[in-house]
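Residues in the sequence shown are numbered from 4 upward in steps of one, following the working numbering.
Okay, structure first, notes after.
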Amino acid sequence: MKITQDNNQKEQQKALRKTLQKKTWKEQQKVTPRVKEGISKNAFLKPREATKTTKKSYKIAKNKYKLAKRKYKVEQQKYKRNLFSNEKKATVNHIIAKKNFLEAKTEKKVTKKVHRKTKAADTSRVSYQLKREAKQSMKNKVVGKVNEALREDDTLKEGVNLYSKAQRYKQNMRRGYKVSKNVGKVSLKVGKGTYGLGNRSYNYIRGRGFQRTPEDQTIRKTLMKKLRNSRQRFKMAREAKKAEQGLGLIRSIMNGQKTMSQAATLIIKSPITWIVLGLFLIVVIIAGAVGSSQRPAIVQDDFELTDSWTYFTKLDAEKTDTSNVFYTQIDDVMFYMNGVFDDYKLGDIMPVGSLTYKMYLSDLWEALNGKAPDYSITDMDKLMKDKKSAYYVAPDIYENLKEARDTFGYTTLENQLGNPFNTDSLVVTRRYGYERNGDNITLNPSIDISVTSNQELKAPMGGIVSLKKGSNSLTIEKDKSNRITLNGINPSRFNGGETISEGDYIGNATKESLQIKYEKFDKKTNKWKTVNPGFYFKKVTYTQFTSVGSSDFDPDGDVTKRAKTIYDELTKIGATREGISAVLGCFDVESSINPKRAEGDYLSPPVGATASSWDDPAWLAMGGMEIYGKYPNIIHRGLGLGQWTDTSDGGRRHTLLLDYAKSKNKKWYDLKLQIDFMLHGDTPGNRTAFMNTIMSRTAATIPELTSYFLTYWEGNPGDKLSQRIQSAQNWYNYFSSNSDDTNISGNEVFEKYKDKMKPLPTNKEMKDGWPGNSYALGNCTWYVYNRMKQLGKNLYPLMGNAKQWVYNYVQTPGASLVSSPQRGDVAIFTNGTAGSSVLYGHVAVVEYVNSDGSFVISEMNVRGPYTMGWRVRKKEPGVYFMRVQQ
4 MKITQDNNQK
14 EQQKALRKTL
24 QKKTWKEQQK
34 VTPRVKEGIS
44 KNAFLKPREA
54 TKTTKKSYKI
64 AKNKYKLAKR
74 KYKVEQQKYK
84 RNLFSNEKKA
94 TVNHIIAKKN
104 FLEAKTEKKV
114 TKKVHRKTKA
124 ADTSRVSYQL
134 KREAKQSMKN
144 KVVGKVNEAL
154 REDDTLKEGV
164 NLYSKAQRYK
174 QNMRRGYKVS
184 KNVGKVSLKV
194 GKGTYGLGNR
204 SYNYIRGRGF
214 QRTPEDQTIR
224 KTLMKKLRNS
234 RQRFKMAREA
244 KKAEQGLGLI
254 RSIMNGQKTM
264 SQAATLIIKS
274 PITWIVLGLF
284 LIVVIIAGAV
294 GSSQRPAIVQ
304 DDFELTDSWT
314 YFTKLDAEKT
324 DTSNVFYTQI
334 DDVMFYMNGV
344 FDDYKLGDIM
354 PVGSLTYKMY
364 LSDLWEALNG
374 KAPDYSITDM
384 DKLMKDKKSA
394 YYVAPDIYEN
404 LKEARDTFGY
414 TTLENQLGNP
424 FNTDSLVVTR
434 RYGYERNGDN
444 ITLNPSIDIS
454 VTSNQELKAP
464 MGGIVSLKKG
474 SNSLTIEKDK
484 SNRITLNGIN
494 PSRFNGGETI
504 SEGDYIGNAT
514 KESLQIKYEK
524 FDKKTNKWKT
534 VNPGFYFKKV
544 TYTQFTSVGS
554 SDFDPDGDVT
564 KRAKTIYDEL
574 TKIGATREGI
584 SAVLGCFDVE
594 SSINPKRAEG
604 DYLSPPVGAT
614 ASSWDDPAWL
624 AMGGMEIYGK
634 YPNIIHRGLG
644 LGQWTDTSDG
654 GRRHTLLLDY
664 AKSKNKKWYD
674 LKLQIDFMLH
684 GDTPGNRTAF
694 MNTIMSRTAA
704 TIPELTSYFL
714 TYWEGNPGDK
724 LSQRIQSAQN
734 WYNYFSSNSD
744 DTNISGNEVF
754 EKYKDKMKPL
764 PTNKEMKDGW
774 PGNSYALGNC
784 TWYVYNRMKQ
794 LGKNLYPLMG
804 NAKQWVYNYV
814 QTPGASLVSS
824 PQRGDVAIFT
834 NGTAGSSVLY
844 GHVAVVEYVN
854 SDGSFVISEM
864 NVRGPYTMGW
874 RVRKKEPGVY
884 FMRVQQ
């Protein structure tokens with residue numbers, strides 16, 4: 004009945020909207036017709052509900068009327084001022100405001116009358132009942148007077164008595180019915196309240212919060228599910244029993260009572276046997292599925308699962324900065340959430356507590372990564388096993404979840420994809436989801452996988468091919484259900500419109516990465532939506548890892564000196580801090596940044612090193628079989644920082660290093676010789692890869708540069724990549740906080756020049772901030788804005804990242820670029836100069852200029868947000884000076 008009423012109400016609302024659309028504006032402002040329509044609209048509601056609804060509508064309309072009236076007055080005043088002003092032209096805003104005011108006024112009148120009429124017709128109101136009782140009382144008095152007059156007549160007296168008895172009987176029956184009805188209502192409410200209190204207490208005692216059990220988890224619902232499952236099993240048992248009738252033939256074949264030819268003859272002669280065998284096969288398949296009814300690892304649909312993944316990547320991107328890069332292993336999170344919570348939506352309230360699933364995921368991110376500034380990385384596996392963790396699961400549940408993941412993974416999702424080339428696992432170098440680019444966080448709707456240039460590619464799915472002119476991309480669409488777009492492929496063999504099958508050859512890769520975008524058609528919204536392609540391939544390996552700046556990183560003195568030598572030598576040729584850190588991260592893992600290292604030197608002699616081994620050609624020339632008893636591909640052992648090796652596939656980098664050292668008349672284990680070898684003596688391909696890395700030509704972030712160096716310089720993709728990235732990040736943070744051309748620490752600079760920098764920055768510049776500052780809190784741009792305010796100069800608050808100030812300075816009135824600095828100028832560092840970020844750049848305030856042209860700067864966020872720094876710098880390429888005349 005309620006559904007029918009709701010449908011009728013919706014139809015009436017649609018009809019009302021259509022009617023209003025057909026009417027003119029003046030007709031729509033007529034009150035009486037709209038009052039009738041409003042009353043008829045509430046006709047299907049209960050009187051009390053209708054009264055509440057109309058009262059709420061009246062309050063809303065009254066508030067809108069007040070706002071419209073106030074706005075109309077303001078616009079009217081503006082119009083009168085602008086009418087006699089030459090600064091601005093007169094507008095029609097006052098006319099629009101008047102129209103809105105009149106509409107709001109009419110709406111207020113209508114809702115007020117509808118509410119009054121509805122309230123008057125509400126029989127549940129106390130005032131209505133009092134009026135009715137008063138009327139009835141008056142009626143009873145009149146009837147009593149008449150009865151008294153009639154009783155004086157002996158003839159009519161008996162009839163009056165019979166009438167009075169009948170009326171009393173009716174009143175008693177009516178009163179008894181009301182009392183029973185009210186007692187029933189009270190009892191039901193008390194019963195529900197008592198049960199609710201007990202249920203809440205039960206849940207509270209068991210740590211579920213003081214709240215009612217959700218409807219779908221109540222005993223009644225649980226019993227209904229069990230009953231439904233029992234009926235299903237009983238039905239399957241009956242089907243299996245019917246199929247038993249067709250097993251005789253199979254048993255006779257298995258027992259040897261009938262040959263295959265006899266069985267085939269029987270099947271051909273008896274078509275009924277075909278049906279029996281067909282039913283038998285179906286039942287076997289269903290029975291197998293029921294018998295092994297292991298729960299799938301993924302329960303969410305494609306879109307909800309992608310939303311969860313995307314939100315977690317957004318959390319990673321929001322926390323990422325120049326010192327910390329987060330790429331949480333989200334696959335573990337997805338399997339945990341689906342295993343524990345089944346099908347869920349981010350915005351839904353969780354069964355226990357008041358958190359939404361989105362809020363729960365935020366808390367889970369902090370449990371996995373920690374809070375700033377003391378980030379502490381763990382994994383989902385440890386959280387699930389730790390009894391003190393809020394994400395602990397019982398051992399049997401843990402094993403079930405692990406088994407489901409290993410057995411099914413994401414394979415239960417529809418429209419799985421085939422690999423675009425033969426491989427056990429696709430290497431994903433850039434994942435699907437949000438990522439940080441400077442101050443901007445954007446959504447990457449695809450994945451990038453590692454390929455080799457000109458590699459042959461196969462179709463991941465079948466469908467119809469479509470092309471985009473002038474681009475190296477190709478799209479395959481299947482029945483308007485799913486489509487995939489490959490970018491980075493030569494599609495010249497297609498014209499568009501061809502039908503292909505999965506696994507067909509589709510072209511060659513045009514570069515070292517293939518971009519894959521996967522979309523599915525959402526029938527609910529009638530739109531295409533992107534999904535994470537990584538869900539649909541058999542196996543993928545992600546090469547992006549979390550790396551956080553460790554405050555505990557303290558390399559020993561010798562390692563620091565060698566790393567500083569490499570840093571200084573490469574900085575001279577314009578190398579970036581990110582690129583140098585990526586190289587050092589790899590060398591740290593390979594050789595502990597020690598040029599005097601050889602493969603297997605830690606073993607016992609004669610394979611291991613002795614004092615004379617380093618100059619012994621026979622010892623240096625040992626191969627894998629002599630060192631390890633295996634690895635015949637290693638012809639001559641790896642040497643030096645990068646463990647240069649001669650290999651069976653033609654690699655001669657070991658020999659090239661030794662020959663280069665002889666040509667320079669130096670020892671092969673000389674540090675500067677090996678740096679020179681990487682720049683000038685290595686193979687051409689490796690020299691190119693080295694320069695691409697240290698100059699940040701192929702990427703801008705430390706993880707990407709480290710992965711590139713490992714793949715194309717070392718030739719060992721994925722080997723200990725996360726360890727290398729972490730080491731590279733540590734070296735980047737180390738040089739960011741310790742690099743200084745003058746070899747003076749920041750504290751020493753401050754103590755030496757503090758008397759020449761007055762007024763010194765206060766908490767307002769370093770912690771609180773000045774009003775109007777729109778830059779990211781604690782960043783270098785934020786501090787420079789505050790410091791310039793303190794010095795009496797105003798900067799435009801929206802000039803972008805630090806490196807963008809070079810051309811956005813024109814947005815600040817009175818600003819210009821100058822060639823020589825003076826106190827109060829802004830120093831802008833670009834292209835990695837002075838250890839600045841290649842992505843964002845860096846800005847500082849010039850505090851003092853020495854006679855030799857060097858200048859003292861104050862800065863923030865070199866070592867982290869809100870962290871102050873002081874340095875002495877010299878003019879160099881990539882540094883600009885902005886002067887503000889105010």
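A virtual CB, placed ideally from N, CA and C, is assigned to each residue, including glycine.
Values in this document were obtained by computation on a predicted structure and should not be read as measured data.
Would you kindly work out how many angstroms separate the C-alpha atoms of serine 296 and tyrosine 395, rounded to a whole number?
Taking the sequence shown and counting its residues from 1, one reaches residue 296 at position 293. Taking the sequence shown and counting its residues from 1, one reaches residue 395 at position 392. Bear in mind that the predicted position of serine 296 carries a pLDDT of just 49, short of 50, making it too unreliable to give a figure here.
Indicate whether isoleucine 519 and isoleucine 450 have their beta-carbon atoms separated by less than 8 Å.
Within the sequence shown, the letter at position 516 stands for residue 519. Within the sequence shown, the letter at position 447 stands for residue 450. Yes; because the gap between Cβ atoms is below 8 Å, this pair is in contact.
Near lysine 669, which residues of its chain fall below 6 Å by C-beta distance, leaving aside the five closest residues on each side in sequence?
For the purposes of this step, residue 669 is taken as residue 666 along the sequence shown, with counting starting at 1. These residues qualify, in order along the chain: Leu676.
For phenylalanine 306, list the residues DSSP reports as bridge partners.
Translated into the one-based positions of the sequence shown, residue 306 becomes position 303. Its beta-bridge partners do not exist; DSSP assigns none.
Proximal residues to asparagine 811 (C-beta, below 7 Å), its chain only, five neighbours per side dropped
Within the sequence shown, numbered from 1, the residue matching residue 811 stands at position 808. The answer, listed in chain order, is Met802, Gly803.
Does the separation of the CB atoms of asparagine 789 and tryptophan 808 fall below 8 Å?
In the sequence shown, residue 789 corresponds to position 786, counting from 1. In the sequence shown, residue 808 corresponds to position 805, counting from 1. No, they are not a contact pair.
Counting C-beta neighbours from all protein chains within 10 Å, is the total for lysine 224 16 or more, i.e. buried, or is it exposed?
In the sequence shown, counting from the first residue as 1, residue 224 sits at position 221. With fewer than 16 other Cβ atoms within 10 Å, it is exposed.
Using CA coordinates, which residue listed in Gly441, Ser730, Arg433, Phe424 is at the minimum distance from alanine 462?
In the sequence shown, the residue the question calls residue 462 occupies position 459. Of the listed residues, the one whose Cα sits closest to alanine 462 is Phe424.
Please report the distance separating the alpha-carbon of aspartate 346 from that of serine 456.
As a position in the sequence shown, residue 346 is number 343, starting the count at 1. As a position in the sequence shown, residue 456 is number 453, starting the count at 1. Rounded to whole angstroms, aspartate 346 to serine 456 spans 41 Å at the Cα level.
In or out: tyrosine 786 buried (at least 16 other Cβ within 10 Å) or exposed?
Position 783 of the sequence shown, counting from 1, holds the residue named residue 786. Classification of tyrosine 786: buried, given that the 10 Å Cβ count is 16 or more.
Helix, strand or coil: how does DSSP classify arginine 37 here?
Indexing the sequence shown from 1 puts residue 37 at position 34. DSSP places arginine 37 in helix when its eight states are reduced to three.
Is the beta carbon of tryptophan 734 less than 8 Å from the beta carbon of alanine 566?
On the sequence shown, residue 734 is found 731 positions in, with the first residue counted as 1. On the sequence shown, residue 566 is found 563 positions in, with the first residue counted as 1. Tryptophan 734 places its beta carbon less than 8 Å from that of alanine 566.
Quick check on tryptophan 28: buried or exposed, where buried means 16 or more other Cβ atoms within 10 Å of its Cβ?
The residue labelled residue 28 in the question sits at position 25 within the sequence shown. Result: exposed.
Less than 8 Å between C-beta atoms, sequence neighbours within five positions excluded: which residues of the same chain meet that for methionine 769?
The residue labelled residue 769 in the question sits at position 766 within the sequence shown. Same-chain partners within the cutoff: Tyr786, Asn789, Met863, Tyr869, Met871.
Buried or exposed by the 16-neighbour rule on C-beta atoms within 10 Å, applied to isoleucine 479:
By one-based count along the sequence shown, residue 479 stands at place 476. Buried, because 16 or more other Cβ atoms sit within 10 Å of the Cβ of isoleucine 479.
Can you look up tryptophan 368 in the DSSP assignment and give me helix, strand or coil?
Position 365 of the sequence shown holds residue 368. Three-state result, tryptophan 368: helix.
Who are the near neighbours of glycine 294 in its chain, counting only those whose CB is closer than 7 Å to its CB and skipping five residues on each side?
The residue labelled residue 294 in the question sits at position 291 within the sequence shown. In this predicted model, glycine 294 has a pLDDT of only 43, less than 50, meaning its place in the structure is not dependable enough to derive any value.
Please classify lysine 111 as buried or exposed, where buried requires at least 16 other C-beta atoms within 10 Å of its C-beta.
By one-based count along the sequence shown, residue 111 stands at place 108. Its Cβ being crowded by 16 or more others within 10 Å, lysine 111 is buried.
Quick one: using the 10 Å Cβ neighbour count with 16 as the cut-off for buried, is valine 906 buried or exposed?
Look at the range of the chain in this structure, 4 to 889, and you will see that residue 906 is not part of it.
Put glycine 795 into one of helix, strand or coil per three-state DSSP.
Numbered from 1 along the sequence shown, position 792 holds the residue referred to as residue 795. Correct three-state label for glycine 795: coil.
Using the Cβ count rule (16 or more neighbours within 10 Å means buried), how would you classify methionine 257?
Here residue 257 corresponds to residue number 254 of the sequence shown, with the count starting at 1. Unreliable placement is indicated for methionine 257, whose pLDDT of 48 sits below 50; no coordinate value is reported for it.
Does DSSP put isoleucine 333 in a helix, a strand or coil?
Position 330 of the sequence shown, counted from the first residue, corresponds to residue 333. Here isoleucine 333 sits in helix by DSSP.
Can you check DSSP and say which residues form a bridge with histidine 639?
Taking the sequence shown and counting its residues from 1, one reaches residue 639 at position 636. According to DSSP, histidine 639 shares a beta bridge with Asp649.
Taking buried to mean at least 16 other C-beta atoms within 10 Å of its own C-beta, is threonine 309 buried or exposed?
In the sequence shown, residue 309 corresponds to position 306, counting from 1. The residue in question, threonine 309, is buried, as its Cβ has 16 or more Cβ neighbours within 10 Å.
So, are the CB atoms of glycine 688 and tyrosine 663 less than 8 Å apart?
As a first step, residue 688 is located in the sequence shown; it is residue number 685 there, counting from the start. As a first step, residue 663 is located in the sequence shown; it is residue number 660 there, counting from the start. Cβ distance not < 8 Å, so glycine 688 and tyrosine 663 don't count as in contact.
When you compare only the Cα positions, how much space is there between leucine 820 and leucine 713?
As a position in the sequence shown, residue 820 is number 817, starting the count at 1. As a position in the sequence shown, residue 713 is number 710, starting the count at 1. Each residue's Cα considered, the two are about 41 Å apart.
Beta carbon of proline 598, beta carbon of tyrosine 672: below 8 Å?
Sequence index remark: in the sequence shown, residue 598 carries index 595 (1-based). Sequence index remark: in the sequence shown, residue 672 carries index 669 (1-based). Going by C-beta atoms, proline 598 is nearer than 8 Å to tyrosine 672.
Based on Cα-Cα distance, which residue from Asn103, Thr121, Ile400 lies nearest to lysine 69?
Looking up residue 69 in the sequence shown gives position 66. Of the listed residues, the one whose Cα sits closest to lysine 69 is Asn103.
I'd like to know whether the C-beta atoms of isoleucine 891 and threonine 121 end up nearer to each other than 8 Å.
Missing from the structure shown is residue 891; the chain here goes from 4 to 889 and no further.
Looking at C-alpha atoms only, which residue of Glu602, Tyr631, Lys633, Lys188 is the closest neighbour of leucine 623?
To locate residue 623, count along the sequence shown from 1; it is residue 620. Closest option to leucine 623, Cα to Cα, is Glu602.
Residue interval of the alpha helix (DSSP H) (run including lysine 108)
The residue labelled residue 108 in the question sits at position 105 within the sequence shown. Per DSSP, lysine 108 belongs to the alpha helix (DSSP H) from 96-123.
Selected residue, minimal CA-CA separation from lysine 59, among Phe87, Lys388, Val117
Reading the sequence shown from its first residue, position 56 is the one you call residue 59. Here the closest residue by C-alpha is Val117.
Ends of the alpha helix (DSSP H) at serine 474?
Translated into positions along the sequence shown, residue 474 becomes position 471. From DSSP, serine 474 is part of no alpha helix (DSSP H); its letter is neither H nor E.
So which of Leu420, Ser392, Glu406 has the shortest CA-CA distance to aspartate 507?
Locating residue 507 in the sequence shown gives position 504, where the first residue counts as 1. If we check each option's Cα against that of aspartate 507, Leu420 comes out closest.
Alpha-carbon to alpha-carbon, lysine 755 and histidine 657
Taking the sequence shown and counting its residues from 1, one reaches residue 657 at position 654. Taking the sequence shown and counting its residues from 1, one reaches residue 755 at position 752. Answer to the nearest angstrom: the Cα atoms are 50 Å apart.
Judging by CA-CA distance, which residue of Phe524, Gly626, Glu151 is the nearest neighbour of isoleucine 637?
The residue given as residue 637 occupies position 634 in the sequence shown. Among Phe524, Gly626, Glu151, the Cα nearest to that of isoleucine 637 is on Gly626.
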